[in-house]
Amino acid sequence: MPVEIELKVHVDSHEPIRAALAAAGAKRFGAVVETNHFFDSPDMGLLGRGAGLRVREVISIGSSDENGPAMVTPIQATTHTTMTFKGPQQVGPFKTRGEIEFAVGGAAAAINLLTAVGFVETLRFQKRRESWTLGDCNVELDELPRLGRFVEVEGPTDDAIRAVALKLGLDPSASIRESYAALLAATMPPDSPRPLVIAFD
695 MPVEIELKVH VDSHEPIRAA LAAAGAKRFG AVVETNHFFD SPDMGLLGRG
745 AGLRVREVIS IGSSDENGPA MVTPIQATTH TTMTFKGPQQ VGPFKTRGEI
795 EFAVGGAAAA INLLTAVGFV ETLRFQKRRE SWTLGDCNVE LDELPRLGRF
845 VEVEGPTDDA IRAVALKLGL DPSASIRESY AALLAATMPP DSPRPLVIAF
895 D
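Position one of the sequence shown corresponds to residue 695 (our numbering), numbered consecutively onward.
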């Protein structure tokens with residue numbers, strides 16, 4: 695199974711990171727809004743073993759213009775959907791998990807399939823994401839309701855991620871190992887009805 699290695703750090707503002715990315719010659723690929731649907735078995739068996747199953751719908755809201763996101767009308771926006779399985783976390787300085795991800799024809803079809811075979815939706819949340827690349831790493835500037843702003847650095851090795859993080863002025867020792875799904879679920883009362891739905895106002 696392919697392995698995802700990423701550093702995640704909470705930040706007060708993305709502006710210093712954008713400036714550092716531009717100064718380092720990073721390439722910007724635009725901005726999106728995601729809707730993430732998480733599924734589990736009725737007995738929460740995936741959660742129990744530290745795994746996750748997600749359908750992600752992505753709507754582009756900006757171009758690759760390095761001067762910032764160019765807002766587009768809904769008719770211009772492009773949409774794609776992926777389905778992802780994430781395995782339990784592995785030992786390492788950063789969040790490291792096995793990951794299988796592939797494109798699907800649409801969110802509704804994927805959700806209907808998972809529901810038909812017995813999975814239930816447990817969590818749904820939105821995220822704004824601005825994507826860059828620097829060297830061998832992808833750098834994501836994320837914003838989530840309830841949680842605020844984060845920077846993720848994903849790369850092929852711990853050393854590559856650490857080097858990019860330091861170049862951007864980030865402290866690798868501040869890396870958060872919890873997923874966004876876990877962080878968001880922790881903000882909700884334990885007896886909240888499922889699925890938990892967390893969206894921007």
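From the three backbone atoms N, C-alpha and C, an ideal C-beta is built for every residue, glycine too.
- When the five nearest sequence neighbours on each side are left out, the beta carbons in the same chain lying within less than 8 Å of the beta carbon of ARG791 are those of VAL697, GLU698, LYS780, GLY781, PRO782, GLN783 and GLN784, in order along the chain.
- Under the three-state reduction of DSSP output, ASP885 falls in the coil class, being neither helix nor strand.
- In the DSSP assignment, the residues bridged to ARG722 are TRP826.
- For ASP737, there is no enclosing alpha helix (DSSP H), since its DSSP letter is neither H nor E.
- Spatial neighbours of VAL752 in its own chain (CB-CB distance under 6 Å, excluding positions within 5 residues in sequence) are listed in chain order as VAL726, GLU728 and HIS774.
- Ranked by how close their Cα comes to the Cα of LEU807, the residues PRO850, LYS861, VAL703 and VAL749 have VAL749 in first place.
- Listed as beta-bridge partners of PHE796 by DSSP are MET777.
- Contact annotation: LYS702 and PHE844 have beta-carbon atoms nearer than 7 Å.
- In this structure ALA714 touches LYS861 by the C-beta definition: roughly 7 Å separates them, less than 8 Å.
- The beta-carbon separation of PHE788 and GLU846, rounded to 10 Å, does not stay under the 8 Å limit for a contact.
- The Cβ atoms of GLU815 and SER825 lie no closer than 7 Å to each other.
- Per the coordinates, the alpha-carbon of GLU837 lies some 12 Å from the alpha-carbon of LEU878.
- Straight across, the Cα-Cα distance linking LEU747 with SER735 is about 10 Å.
- When DSSP states are grouped into helix, strand and coil, THR772 belongs to the coil group.
- In the three-state DSSP reduction, ASP853 falls in the helix class (H, G or I).
- Less than 7 Å divides the Cβ of ILE892 from the Cβ of PRO839.
- Of the other Cβ atoms in all chains shown, fewer than 16 fall within 10 Å of the Cβ of ILE794; this residue is therefore exposed.
- DSSP lists GLY842 as the bridge partner or partners of LEU838.
- Assignment of LEU878 by DSSP, reduced to helix, strand and coil, places it in the helix class.
- In this structure, ALA720 sits near LEU828, with a CB-CB distance shorter than 7 Å.
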